[in-house]
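Novice: One gets this note's numbering by counting positions in the sequence shown from 1 and adding 233 to each.
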Amino acid sequence: YYNWFMAHRSQLSLALLRQPVVSLHGDFGVRNCRYQDGRLSLIDFERVKPGIAQEDVLKFFLEDLDGRSDLIQAFWDGYGPSAALAPIADAWFRFDAALGIMTYVQQRPDPAFEAVGQRMMGAVPRIVAGQK
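1) I'd like to know if the stretch 342–354 and the stretch 256–274 are in contact, where contact means that at least 3 CB-CB pairs between them fall below 8 Å.
2) Identify whether Ser315 lies in helix, strand or coil by the three-state DSSP scheme.
3) Among Leu250, Asp329, Arg280, which one has its Cα closest to the Cα of Gly262?
4) Determine the contact status of Asp323 and Gln269, defining contact as a CB-CB distance below 9 Å.
5) For the stretch 310–319 against the stretch 327–337, do three or more pairs of beta-carbon atoms, one drawn from each stretch, fall closer than 8 Å, so that the two count as touching?
6) Say yes only if the C-beta of Ala331 is nearer than 8 Å to one or more non-hydrogen atoms of the ligand SAM, and no if none qualify.
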């Protein structure tokens, strides 16, 4: 898939340029949220970087929310307006995240997390096929 993305990099770049740049947590998920004194707090900020919001929450959606569209929609409703993500950008983020997960689980076996990566990668061919 990498070669396909590189062959379509101008289309991908254009899709990404249409997105607002925000501060990303870098490891967003339930494991990095704490509820204390009636407030929800995000912790563990060593991976903060600028980027596109959808990039930061993709693993959270598939791992913690189990891909449930009702919960994902509730998240975006609370997050606020965000630009719609073009299919090619969605496919790129899934591909990139899946590669990161597979690299991680080679070092620290985690079958449940590996399954998340496989689900992400499984969506890439369908999205890419729609872009041809």
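Note that the Cβ used here is the ideal one computed from N, Cα and C, for glycine as well.
Specialist: By the coordinates alone:
1) Counting Cβ pairs under 8 Å, fewer than three are found: no touch.
2) Judged by DSSP in its simplified three-state form, Ser315 adopts coil rather than helix or strand.
3) Comparing Cα positions, the closest option is Arg280.
4) Result no, Cβ atoms of Asp323 and Gln269 do not sit closer than 9 Å.
5) The stretch 310–319 makes no contact with the stretch 327–337; the number of CB pairs closer than 8 Å stays below 3.
6) Ligands are entirely absent from the displayed structure, and the ligand SAM is therefore not among its contents.
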